[in-house]
Amino acid sequence: MVLQKRQLVKNWKVNKEMKYQECISVSLVSSLTISCKATFSASVDEIFLPLTNESDGEKDQMFIRRRLYTMEYDKIMEDLICMGCKLCGIPMSTEGRNVFGQSSVSLYCQKSSSRVHTLCLIYRKFMLYVWDESECIPLVVTNKSAEILFGNITAEQVYRCYRDDKVQSSNRRNSDDGTSTQTKASAGEEASDGTPLAQEENQQLNNIKQGERTDFYKIWVILLKMLLRHESNSPLKFTVNINSELSQENGRFELIGMTMPCI
Ligand SMILES: [Zn+2]
4 MVLQKRQLVK NWKVNKEMKY QECISVSLVS SLTISCKATF SASVDEIFLP
54 LTNESDGEKD QMFIRRRLYT MEYDKIMEDL ICMGCKLCGI PMSTEGRNVF
104 GQSSVSLYCQ KSSSRVHTLC LIYRKFMLYV WDESECIPLV VTNKSAEILF
154 GNITAEQVYR CYRDDKVQSS NRRNSDDGTS TQTKASAGEE ASDGTPLAQE
204 ENQQLNNIKQ GERTDFYKIW VILLKMLLRH ESNSPLKFTV NINSELSQEN
254 GRFELIGMTM PCI
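Okay, here's the thing in structure tokens:
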């Protein structure tokens, strides 16, 4: 009997240990030509949300920082959060707003051993522009790394608090309309029309401090504003995976970690 040597066929992938580079500037990260892991310090410049429906009105909406300061932040959550796979971060949206040239949803999950997507609300993939004196580069941020960026607050938590807020406001309005009509309506108009943004934010913080409930939506909005405040922030320490086969615009640098340096 002749034993035939057969090569075993593996049905799993072996994770290769990636080289690790500690870079002292953004331009050094940018000049790396091999696929590896890198850490560096940089400041946040802008969040860019690529949308495929590029009507004139939507081009400006891609830049999240600009929208924060034009009082349109109530719509930001609806654009940043969608239904998708929490493992691979692919959106399951049917609104034609898939990012990075994805025209259709992949049937199989690249990050699951069963190849089945795990659906829930996720942060849509976006670009985080970071910079130092030497250069500015875009980092691709998927659902898991977005959670790290937003203080471990998940997209589900943000959306549920936002939705509960809307339902409560709607219930309050209906109840006011039902009891006494004109007096209550005019009092409500005075309160909302005359409230400046700063007072509104303070009120939000007070409500959170008083422990009424943890409002993840409002905490998330505050975190987003703080992250995109240029003048007063110290540089953050980022860890990225570099895929040397991709261009910067197509995801060469993928964010996998972020820490705040100790002062
Ligand atoms: Zn998946």
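So the number in this note's numbering is just where the residue sits in the sequence shown, counting from 1, plus 3.
Glycine included, each C-beta is placed from N, C-alpha and C at the ideal position.
Within 7 Å of the C-beta of S115 there is at least one heavy atom belonging to ligand 1. For D77, the three-state secondary structure derived from DSSP is helix. In the three-state scheme derived from DSSP, where H, G and I count as helix and E and B as strand, N177 is classed as helix. In the structure shown, I125 falls within a strand segment according to DSSP collapsed to helix, strand and coil. E150 carries a helical assignment under DSSP once its states are collapsed to helix, strand and coil. Membership of F219 in any beta strand (DSSP E) is not indicated; the residue belongs instead to the alpha helix (DSSP H) covering F219 to L230. Taken through DSSP and simplified to helix, strand or coil, K169 comes out as helix.
When distances are taken from the beta-carbon of H233 to the heavy atoms of ligand 1, even the shortest one reaches 7 Å or more. Where I67 is concerned, the enclosing alpha helix (DSSP H) starts and stops at I67 to L71. Relative to ligand 1, L110 has its C-beta separated by 7 Å or more from all heavy atoms. In this structure, ligand 1 has a non-hydrogen atom nearer than 7 Å to the beta-carbon of I93. In this structure, ligand 1 has no non-hydrogen atom nearer than 7 Å to the beta-carbon of L227.
Short note on L90: C-beta closer than 7 Å to some heavy atom of ligand 1.
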